[in-house]
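Structure first, commentary second.
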Amino acid sequence: MTRNKALQKWVSEMAELCQPDRIVWIDGSEEQKRALEREAMASGEIIKLDEEKWPGCFYHRTATNDVARTEHLTYICTSKKEDAGPTNNWMEPAEAYRQAGAYFKGAMRGRTMYVIPFAMGPLGSPFTKIGIELTDSIYVVLNMLIMTRAGEDILEQLGDSDNFTRGLHSKGDLDIEKRLILHFPEDNTIWSVGSGYGGNVLLGKKCLSLRIASWLGRQEGWLAEHMLIMGVENPEGRIDYIAAAFPSACGKTNLAMLIPPEPLQKQGYKVWTVGDDIAWIRRGEDGRLWALNPETGFFGVAPGTNSKTNPNALATIRQNTIFTNVLLTHDGDVWWEGGEGEPPAEGIAWDGRPWKPGMVDEGGKPIPGAHPNSRFTAPIKQCPIISPEWDNPKGVPLTAIVFGGRRSRLAPLVYEAFSWQHGVYVGATMASEITAAQYGKQGQVRRDPMAMLPFCGYNMADYFRHWLEFGKTLPHPPKIFHVNWFRKDEDGSFLWPGYGDNLRVLNWIIERAHGGGAAVETPIGYVPAPGAIDMSGLDISEDTVKKLFEVDARDWLEELEDHRRFFEQFGDRLPPEIMEEYHALKERLSQGGAAE
Ligand code: O2Y
Ligand code: MN
409 MTRNKALQKW
419 VSEMAELCQP
429 DRIVWIDGSE
439 EQKRALEREA
449 MASGEIIKLD
459 EEKWPGCFYH
469 RTATNDVART
479 EHLTYICTSK
489 KEDAGPTNNW
499 MEPAEAYRQA
509 GAYFKGAMRG
519 RTMYVIPFAM
529 GPLGSPFTKI
539 GIELTDSIYV
549 VLNMLIMTRA
559 GEDILEQLGD
569 SDNFTRGLHS
579 KGDLDIEKRL
589 ILHFPEDNTI
599 WSVGSGYGGN
609 VLLGKKCLSL
619 RIASWLGRQE
629 GWLAEHMLIM
639 GVENPEGRID
649 YIAAAFPSAC
659 GKTNLAMLIP
669 PEPLQKQGYK
679 VWTVGDDIAW
689 IRRGEDGRLW
699 ALNPETGFFG
709 VAPGTNSKTN
719 PNALATIRQN
729 TIFTNVLLTH
739 DGDVWWEGGE
749 GEPPAEGIAW
759 DGRPWKPGMV
769 DEGGKPIPGA
779 HPNSRFTAPI
789 KQCPIISPEW
799 DNPKGVPLTA
809 IVFGGRRSRL
819 APLVYEAFSW
829 QHGVYVGATM
839 ASEITAAQYG
849 KQGQVRRDPM
859 AMLPFCGYNM
869 ADYFRHWLEF
879 GKTLPHPPKI
889 FHVNWFRKDE
899 DGSFLWPGYG
909 DNLRVLNWII
919 ERAHGGGAAV
929 ETPIGYVPAP
939 GAIDMSGLDI
949 SEDTVKKLFE
959 VDARDWLEEL
969 EDHRRFFEQF
979 GDRLPPEIME
989 EYHALKERLS
999 QGGAAE
């Protein structure tokens, strides 16, 4: 399959370690994919869904102890602990190889080792990185065939080069005590063992495209970010591209596939999806920022996806989709909480147990049919509003960068940073409240700089420095904004309708980026001036609008204490510019000056 000596050598070494019965190279052909589907159906690894309702779709159920990324078992293995930084788990590389090596030893006996050559990004693009994933899971192969460009072409592109990410994965025996997700950025290597789920095992995604890529990006002078990319077309036909970072459970996929509200649709606004999770960003020859989505699919959360929240996602997953851990019915249908229509009269829950609507546990809590982190894996090309530019090897030019979080108080609907440096501070102080669907105490605020806390492959202090330095290379750095769709009233109701109406906010952002859009200066940044956001057709009182943009200096000064505590952990490694911004903000807030 390949004449690449480095690749041959590495595959044989890994085979020596894992002892598979056979080795199969993934060529990317339709015939091979069909054969693998048949094999996985025969073993029960996947179940074919009703062909009429769900053409080309399959169901997969993971082990019940293996339903999400396991952050506490995810490590950055650099020679020096300080290079991983205080926000990552760290293991010394030799020790990490030794520990995981013991779990990999003989793990593929009686199994097949699949060799998946894949590319993140279109072939021939300056952005693109090549990886090889070795895995003993057909589920992983089928997912990688959706999420990445995989097959023979990649080997051709790689040629004799040894410049590829080496990814080794085995389900092992799915024992959480023997699960490790290890990143060796100095070796461009990823080892994942003991899991069969999503972010832990689709090594092109979080492991390569964020953790390893963020390390490579720092060395090579670009940014690997946890950001959606979308295009907004105005009535004159101009398309502005925005990259936006949000922590989990803030509706990133929904925003990337937004449908304009009726009054804006009538004016001629359109939205184009480029990506929903990852953006690789480079400075173009023209001095602008260009962003590319390195993936070819969506690995989205099913619960809550319906024709109101995200009709485009529903249309995307109608065919050729793999559903993981949703509810399965006896007639080959699937369902999830917050999905379409009534729940089926009965079915098999995500954990394999019989399920009926209304079932409760011993504590009287409803038992869900689908796991809250159940997923769909669907080809990006099936999205009805996929941008024609989504796989342009140059990427798309960015008009603005947006950071966001879920804050019931404090953060206004939108504000604009004063400068790139201030924008980096805004990103570095991103935070979000934990929702019921996440691990942790509900309502608690988790700091998540640039939404990269679980995904930065090196010391976050160096990551902030990289952002600051990167900005200095840009003749006209794009403006940076912060949005919060989730601000609440005293009675706990949301102040902003969200969903499609978020486009009204994006339009102000775009106007500002082009030098227009009326704004009022506040201590934290510029907020829209009264009347600057188009509210036509919205039933929203003046009082609510005022609350949406309120900046309470006392609340912010309290928040600043938390910023300081968060930054303290980085010690001397924190770039001085960050504390400069902290002091400047504190000063502005102390002088009073809340926005009107
Ligand atoms: O739980 C998992 O393994 C998947 S996590 C995930 C999947 C798609 C996009 N983003 C995420 C995330 O955690 O940010
Ligand atoms: Mn993500």
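Following our numbering, the numbering of the sequence shown begins with 409 at its first residue and continues without gaps. We put the beta carbon where it would ideally sit given N, CA and C, even for glycine.
When distances are taken from the beta-carbon of Ser-656 to the heavy atoms of ligand 1, the shortest one is below 6 Å.
The alpha carbon of Asp-684 has as its nearest neighbour, out of Gly-771, Pro-711, Ser-656, the alpha carbon of Ser-656. Leu-736 counts as buried, since at least 16 other C-beta atoms from the protein chains shown sit within 10 angstroms of its C-beta. Contact annotation: Gly-539 and Gly-575 have beta-carbon atoms nearer than 7 Å. Screening all residues for a C-beta within a distance smaller than 6 Å of any heavy atom in ligand 2 leaves His-634, Asp-685, in chain order. The alpha carbon of Pro-530 has as its nearest neighbour, out of Asn-800, Asn-551, Glu-988, the alpha carbon of Asn-800.
DSSP places Tyr-649 inside the beta strand (DSSP E), whose first and last residues are 647-653.
The nearest non-hydrogen atom of ligand 1 is less than 6 Å from the C-beta of Ala-476. Arg-873: member of the alpha helix (DSSP H) spanning 868-880, first to last residue. Per the coordinates, the alpha-carbon of Tyr-547 lies some 16 Å from the alpha-carbon of Ser-437. Ligand 1 never approaches Asn-496 closely enough for any of its heavy atoms to be under 6 Å from the residue's Cβ. Listed in chain order, the non-local C-beta contacts of Thr-482 below 6 Å within the same chain comprise Ile-589, local neighbours out to five positions each way being set aside. According to the DSSP assignment, Leu-993 belongs to the alpha helix (DSSP H) that extends over 984-998. Looking at the DSSP output, Asn-497 bridges to Tyr-483. Closest in C-alpha terms to Ala-508, from the list Gln-999, Met-838, Glu-898, His-577, comes His-577. For the pair Ile-562 and Pro-525, the CB atoms are nearer than the 7 Å cut-off. For Asn-497, the CB contacts under 6 Å within the same chain, skipping 5 residues up- and downstream, are Tyr-483 in chain order. With respect to the C-alpha of Asn-728, the residue from Thr-681, Arg-815, Ile-788, Glu-439 having the closest C-alpha is Ile-788.
Beta-bridge partners assigned by DSSP to Leu-666: none are found. Inclusion of Ala-757 and Gly-772 in the CB contact set at 7 Å is not warranted, their separation being larger than that value.
According to the DSSP secondary-structure assignment, Val-523 is paired through a beta bridge with Trp-433, Leu-542. Annotation: Leu-903 to Thr-661 spans about 21 Å, alpha carbon to alpha carbon. Secondary structure of Ile-637 (DSSP, three-state): strand. A Cβ-Cβ contact shorter than 7 Å links Trp-893 with Gly-906. Across the structure, Pro-752 and Trp-763 are spaced so that their CA atoms are roughly 9 Å apart.
Where Leu-566 is concerned, the enclosing alpha helix (DSSP H) starts and stops at 560-566. Counting only the Cα atoms, Pro-671 lies some 33 Å from Trp-828. With a cut-off of 6 Å, the C-beta of Asn-781 is classified as near ligand 1, since at least one heavy atom of the ligand falls inside that distance. Bridge partners of Lys-896 according to DSSP: Phe-902. The nearest non-hydrogen atom of ligand 1 is less than 6 Å from the C-beta of Tyr-605. Taking 6 Å as the cut-off, the C-beta of Phe-707 counts as close to a heavy atom of ligand 1. Counting the other CB atoms within 10 Å of its CB gives Leu-806 a total of 16 or more, which places it among the buried residues. Per DSSP, Ala-961 lies in no beta strand (DSSP E) segment; the continuous alpha helix (DSSP H) that holds it begins and ends at 961-976.
Trp-623 has no beta-bridge partner at all, per DSSP.
Burial is judged here by how many other beta carbons sit within 10 angstroms of a residue's own beta carbon; Asp-648 has at least 16 and is buried. The beta carbon of Ala-621 is closer than 7 Å to those of Lys-537, Ala-632, Trp-688 in its chain, skipping five residues each way along the sequence.
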